[in-house]
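Number of protein chains: 4
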Amino acid sequence: MNRFGTRFTLTTYGESHGPAIGGVVDGCPAGVVFDGNMIANEMLRRHIGAGATKRCEADTVEILSGVFEGRTLGTPIAFEIRNQDANSSDYDELRELYRPGHADYTYAMRYGIRDHRGGGRASGRETAARVVGGAIAKMILREKGISINGGVLHLAESNNDNDDTKGGVIECTITGVPAGIGNPVFDKLNARLAAAIMSIPSAIGFEMGAGFAAAKMCGSEYRDEWSDCSSAITKTNHCGGIQGGISNGMPIVFRTAFHPVVTNNKPTECMAVDGTLHLWKPKGRHDSCHIPRTVVVVEAMAAMTIVDLLN
Amino acid sequence: MNRFGTRFTLTTYGESHGPAIGGVVDGCPAGVVFDGNMIANEMLRRHIGAGATKRCEADTVEILSGVFEGRTLGTPIAFEIRNQDANSSDYDELRELYRPGHADYTYAMRYGIRDHRGGGRASGRETAARVVGGAIAKMILREKGISINGGVLHLAESNNDNDDTKGGVIECTITGVPAGIGNPVFDKLNARLAAAIMSIPSAIGFEMGAGFAAAKMCGSEYRDEWSDCSSAITKTNHCGGIQGGISNGMPIVFRTAFHPVVTNNKPTECMAVDGTLHLWKPKGRHDSCHIPRTVVVVEAMAAMTIVDLLN
Amino acid sequence: MNRFGTRFTLTTYGESHGPAIGGVVDGCPAGVVFDGNMIANEMLRRHIGAGATKRCEADTVEILSGVFEGRTLGTPIAFEIRNQDANSSDYDELRELYRPGHADYTYAMRYGIRDHRGGGRASGRETAARVVGGAIAKMILREKGISINGGVLHLAESNNDNDDTKGGVIECTITGVPAGIGNPVFDKLNARLAAAIMSIPSAIGFEMGAGFAAAKMCGSEYRDEWSDCSSAITKTNHCGGIQGGISNGMPIVFRTAFHPVVTNNKPTECMAVDGTLHLWKPKGRHDSCHIPRTVVVVEAMAAMTIVDLLN
Amino acid sequence: MNRFGTRFTLTTYGESHGPAIGGVVDGCPAGVVFDGNMIANEMLRRHIGAGATKRCEADTVEILSGVFEGRTLGTPIAFEIRNQDANSSDYDELRELYRPGHADYTYAMRYGIRDHRGGGRASGRETAARVVGGAIAKMILREKGISINGGVLHLAESNNDNDDTKGGVIECTITGVPAGIGNPVFDKLNARLAAAIMSIPSAIGFEMGAGFAAAKMCGSEYRDEWSDCSSAITKTNHCGGIQGGISNGMPIVFRTAFHPVVTNNKPTECMAVDGTLHLWKPKGRHDSCHIPRTVVVVEAMAAMTIVDLLN
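Chains as they are written, first to last, in the working numbering: chain L, 283 to 593; chain Y, 283 to 593; chain A, 283 to 593; chain S, 283 to 593.
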């Protein structure tokens with residue numbers, strides 16, 4: 283449930299206001315040069331998006347195993363991020379309240395018990411562990427000449443209300459993946475990517491290449507014919523670099539839609555455990571726009587997906 | 283690779299022009315009333331969409347195990363569909379050619395060998411096994427009051443060329459799923475659905491609830507507030523019935539974009555094994571529009587996804 | 283549940299008196315020369331052990347997919363064995379009876395329903411599918427210079443009663459496995475072998491190398507010191523070729539104890555569904571000694587275990 | 283590779299002389315009363331066997347997630363044990379040496395790189411994480427009335443040399459498991475147990491019930507007939523409580539043979555990386571007999587196996 287991947291796997295843990303969050307990467311090849319700076323830089327990219335929360339996450343990532351004299355051992359790489367500055371009292375009133383659009387109610391239905399502080403396990407803070415796993419995956423991809431670049435393609439327009447939160451779309455391009463990566467039928471590379479990306483908090487749509495626009499095309503318009511057979515380059519890339527679930531050597535291109543963070547500074551009606559409605563004014567800290575800091579999370583999930591299939 | 287699910291699993295096999303296609307359902311609960319008619323009806327829905335290929339698939343599904351005196355045993359349910367009317371000679375010229383937009387080239391790169399007849403393993407014919415698995419899943423869901431209904435939401439407009447193929451969008455609604463189904467973080471219900479649906483041939487986009495439109499919303503517009511706490515009904519369903527990866531009891535709604543079938547009756551340039559381009563006029567049989575017959579495939583994948591998480 | 287392996291996988295199905303038994307091999311590498319005779323020969327080894335049942339299993343194995351022009355495609359290889367000569371009436375009286383030592387009672391408790399004819403899914407006939415999977419694994423191992431040889435090490439002594447059944451011990455040696463195959467901690471090669479072998483019907487004990495005798499040794503006696511460093515050969519092989527769960531390049535040696543077939547031609551007390559005891563005289567056909575025909579099953583499970591870890 | 287189980291899973295990490303060892307339990311049911319004392323007591327049982335090493339493992343287990351106000355949340359339970367008193371200099375000379383009977387050579391062949399200090403990942407210290415996972419599993423089993431009791435059945439006789447190490451046999455009995463637990467064919471309860479137990483360092487043999495003695499029996503002697511149908515109790519328990527891979531409600535009984543710790547205080551010939559032999563006098567600390575402290579590890583693996591199948 284809390285594990286990603288099949289050969290290169292990341293198992294994560296941690297509640298927003300517990301002692302720590304972290305994870306274990308199992309299946310990392312041995313002998314990879316371990317680049318601690320890459321982890322720090324990726325964590326910084328996650329931290330300093332426009333509109334980052336005021337809660338200062340001095341997120342120091344400690345590596346507990348799997349690295350010896352600067353290289354990976356092939357054994358599990360465990361890492362840990364201690365939680366700090368967690369003002370739990372901000373959340374006391376939520377012990378009995380379910381916020382609209384959040385996982386408060388669904389976690390209660392799923393488990394019958396929940397940590398109400400800061401979203402508990404469902405907090406966006408969970409994505410920090412994804413970024414560490416992604417940074418380790420990028421160390422492997424870099425040695426193979428594969429690069430992953432994401433960016434914000436679109437943000438919801440301002441409604442002149444700086445208190446409100448905004449959705450947006452992130453586009454990501456993966457270059458350098460050789461032809462022949464992926465599996466047929468159920469375990470397709472595009473299916474793997476879709477699951478990886480849709481598991482990111484607030485992801486609500488996913489498309490490859492031409493995506494939903496392809497639904498308005500006819501076959502003779504859509505199909506990607508070859509322009510250069512020597513390197514199997516196509517005139518167009520409507521398919522987004524994947525055919526039959528397997529990479530064709532062209533750049534892998536996908537876009538993801540993210541809905542806005544549901545909690546902002548406007549009062550909202552919460553459902554109480556006793557089934558009554560209560561107007562609630564959030565006291566916590568929230569992103570007005572979390573899309574820019576989510577780019578590195580998208581890249582991380584894409585990186586782990588590719589490494590898992592390359593292994 | 284050719285297996286779907288974790289507890290209720292479907293393993294499929296078969297090339298388009300081999301002796302048979304089929305599959306094994308493992309993890310089906312014991313004692314379920316086995317409804318052979320449901321399988322026949324679902325196979326018919328797949329067969330008779332508008333613009334179905336002329337190749338007459340007299341697809342008789344034979345059950346080989348797992349059913350005893352009208353009920354499931356809890357042991358594997360194997361089924362088989364013998365291939366008939368397979369005019370392989372239609373495909374001889376493709377032994378050395380890769381068709382644009384098809385998986386011919388990627389399979390060759392992945393395996394170094396391929397069955398060139400009718401797309402081999404990558405043929406749309408593979409979806410017949412999905413439909414059988416989905417029908418068995420629906421037998422279980424029916425006993426639990428869960429129903430799945432898909433339909434064609436949009437088709438590419440005719441360009442007055444009845445030889446060309448068309449893309450489209452299918453919408454699917456799942457009702458009756460109780461709150462609390464799904465898992466956190468990586469194994470979210472929406473991530474599972476995305477992978478299941480994106481694994482369908484020609485699927486190229488997926489969105490839940492408001493989907494890409496949510497990327498243009500602000501938080502106070504997006505969040506689904508409750509209208510009726512007694513049954514946890516919300517005024518809107520922008521999230522599509524899932525929060526934090528877990529169902530909230532509202533209808534689960536998603537849409538999928540399908541690109542047009544890439545091979546139609548127009549000549550196209552194929553890449554030969556020797557790296558030269560060849561104009562090719564398809565002789566095989568192709569759907570002008572496969573979207574209507576794909577609806578039952580979408581439902582099948584959704585049904586197996588829900589059953590897998592209920593088990 | 284009915285699937286073996288993680289990369290080279292075998293999923294089996296079938297009840298003893300249903301239409302067919304069979305399986306699907308998924309994860310077989312592409313381009314392997316497919317040797318149908320090896321399958322036939324291995325099936326024959328399973329069929330003609332001393333004391334084989336009189337039920338003549340004319341077991342023709344039909345390959346339904348995954349093989350094209352004499353080589354594997356890398357896609358699933360499905361095979362099927364139709365059941366013949368199944369005299370179900372032999373078993374009518376067992377509909378309400380649980381035989382001692384059989385899985386009749388435990389299947390009823392596990393599933394609430396069972397196919398009482400000939401042991402249903404729990405019949406030793408299920409091992410035919412293992413033998414086919416093992417034969418395919420051996421095609422791969424042969425190309426890598428790995429061979430697997432089993433033999434009967436010990437049989438229970440005759441008690442001058444030719445109607446009774448006998449237990450025994452099978453020893454198996456795997457040669458040609460390079461050093462470095464296997465995984466640490468939980469997924470050890472010896473743990474994998476133990477699970478594979480103990481899953482064979484009537485297996486009740488498993489040991490590597492010196493096995494239980496090693497429990498009576500002291501460390502300076504047990505440890506395998508090197509005699510030839512150039513090829514890492516050790517003076518002794520008490521560990522059975524595996525250290526820390528990983529092969530060391532020496533022959534992999536293990537032994538398996540099998541209990542006698544519990545049903546013979548002597549009357550025995552069965553428990554009825556209503557909780558009463560009934561003396562029952564078996565009418566079916568049973569091996570007086572199934573150990574010799576089990577050798578090929580042991581080899582098959584070992585072969586699939588090695589291939590799965592090599593993949 | 284470093285993960286145990288399918289529904290109740292334990293992923294472990296850590297090298298003997300790295301910063302820490304630990305693990306993540308994923309799949310623990312929600313609402314279980316979390317008993318920290320049970321963890322401490324089990325860790326103590328592992329620590330104080332006769333002949334425990336002099337290295338004082340002040341093993342404090344810190345829980346990092348998954349527990350809230352004294353109950354499990356259903357989210358991952360991460361725990362960590364910091365390494366202390368790790369005198370790495372004891373092992374400097376082993377950087378270029380492979381000890382006989384250890385995993386030094388096989389890890390080098392598997393990964394091409396290894397942490398030579400104290401056995402690295404292959405150190406017996408790894409079992410501490412198993413004990414924590416087992417303690418959490420026992421918290422669940424206790425609520426279900428299932429108990430697991432192991433003991434030393436046999437120890438290698440003293441050869442009047444208190445410097446040498448000894449092998450032995452541990453017997454374990456699981457009571458309170460209802461009939462119907464386990465799966466058919468490949469995923470049998472006995473196969474699961476065999477893999478779990480054989481994954482313990484120095485385990486070299488495994489048997490259920492009558493075990494190897496059953497190989498000398500005839501069918502009419504072996505089969506377990508019922509003495510009391512009202513509670514399905516059998517006169518004998520030669521099968522060890524499992525038939526067809528599924529529990530029958532009788533006590534589950536198994537025995538495991540352990541070879542002696544290979545390193546003792548006697549000089550031994552090691553193979554150097556350059557392929558030469560070197561006489562080596564161990565300086566580290568080693569158990570003269572590790573069997574008594576291994577009992578709790580056997581129980582832990584059995585407990586996790588049962589919980590995984592109950593989930």
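Cβ coordinates follow ideal geometry from the N, Cα and C atoms, glycine included.
Residue range 318-329 is occupied by the alpha helix (DSSP H) that includes residue 329 (chain L), with no beta strand (DSSP E) assigned at that position. Residue 494 (chain Y) carries a helical assignment under DSSP once its states are collapsed to helix, strand and coil. Residue 377 (chain S) sits exposed, since fewer than 16 C-beta atoms from the chains shown fall within 10 Å of its C-beta. From the listed residues A:539, A:521, A:350 and A:483, the smallest Cα separation to residue 433 (chain A) is found for A:539.
If the five residues before and after residue 321 (chain S) are omitted, its C-beta is found closer than 7 Å to the C-beta atoms of 343, 414 and 417, all from its own chain and listed in chain order. Interface residue (Cβ-Cβ distance to chain A less than 8 Å): residue 406 (chain Y) is not classified as such.
By the CB criterion at 8 Å, residue 311 (chain S) and residue 357 (chain S) fall outside the cutoff. DSSP places residue 304 (chain S) in the uninterrupted beta strand (DSSP E) bounded by 302-308. Taken through DSSP and simplified to helix, strand or coil, residue 573 (chain S) comes out as helix. Looking at the DSSP output, residue 553 (chain L) sits in a beta bridge with L:380 and L:559. When DSSP states are grouped into helix, strand and coil, residue 289 (chain S) belongs to the coil group. The Cβ-Cβ distance between residue 544 (chain Y) and residue 412 (chain Y) does not fall below 8 Å. Contact check for residue 400 (chain A) against residue 502 (chain A) fails: the beta carbons are separated by 8 Å or more.
Beyond the five residues adjoining it in sequence on each side, residue 294 (chain A) comes within less than 6 Å, by CB distance, of 284, 305 and 411 in the same chain, given in chain order. For residue 588 (chain L), the closest of L:396, L:457, L:507 and L:485 by C-alpha to C-alpha distance is L:457. Taking the beta carbon of residue 357 (chain A) as reference, the chain L residues within 9 Å of it are 466 and 467, listed in sequence order. With a threshold of 16 other beta carbon atoms within 10 Å, residue 591 (chain A) meets it and is buried. The continuous beta strand (DSSP E) containing residue 360 (chain L) extends over residues 359-364. For residue 514 (chain S), same chain residues with a beta-carbon under 6 Å away, outside a window of 5 residues either side, are 531 in chain order.
Around the beta-carbon of residue 570 (chain S), 16 or more other beta-carbon atoms lie within 10 Å, marking it buried.
Distance from the CA of residue 379 (chain S) to the CA of residue 511 (chain A), rounded to the nearest whole angstrom, comes to 12 Å.
Sequence-ordered contacts of the segment 486-516 of chain L with chain S are nonexistent [C-beta pairs closer than 9 Å].
Of the candidates L:452, L:446 and L:527, L:452 places its Cα closest to the Cα of residue 435 (chain L). Among the residues of chain Y, none has a CB under 9 Å from the CB of residue 319 (chain L); the nearest is roughly 27 Å distant. With a threshold of 8 Å between beta carbons, residue 471 (chain S) makes no contact with chain L. Taking the Cα of residue 300 (chain Y) as reference, the smallest distance to any Cα among Y:527, Y:581, Y:490 and Y:363 is reached at Y:363. The continuous beta strand (DSSP E) containing residue 432 (chain L) extends over residues 429-437.
Per the coordinates, the alpha-carbon of residue 327 (chain L) lies some 16 Å from the alpha-carbon of residue 585 (chain L). With a contact defined as Cβ atoms closer than 8 Å, residue 498 (chain Y) and residue 509 (chain Y) miss out at about 24 Å.
Between residue 319 (chain L) and residue 421 (chain L), the alpha-carbon positions lie close to 11 Å from each other.
In terms of Cα proximity to residue 464 (chain A), the closest of S:574, S:583 and S:393 is S:393.
Straight-line measurement puts the Cα of residue 398 (chain L) at about 8 Å from the Cα of residue 374 (chain L). Between residue 315 (chain S) and residue 303 (chain L), the alpha-carbon positions lie close to 22 Å from each other. With respect to chain Y, the C-beta atom of residue 397 (chain A) has a partner C-beta closer than 8 Å. Where residue 417 (chain S) is concerned, the enclosing alpha helix (DSSP H) starts and stops at 409-425. Not flagged as an interface residue toward chain S: residue 570 (chain L), since no C-beta distance is shorter than 8 Å.
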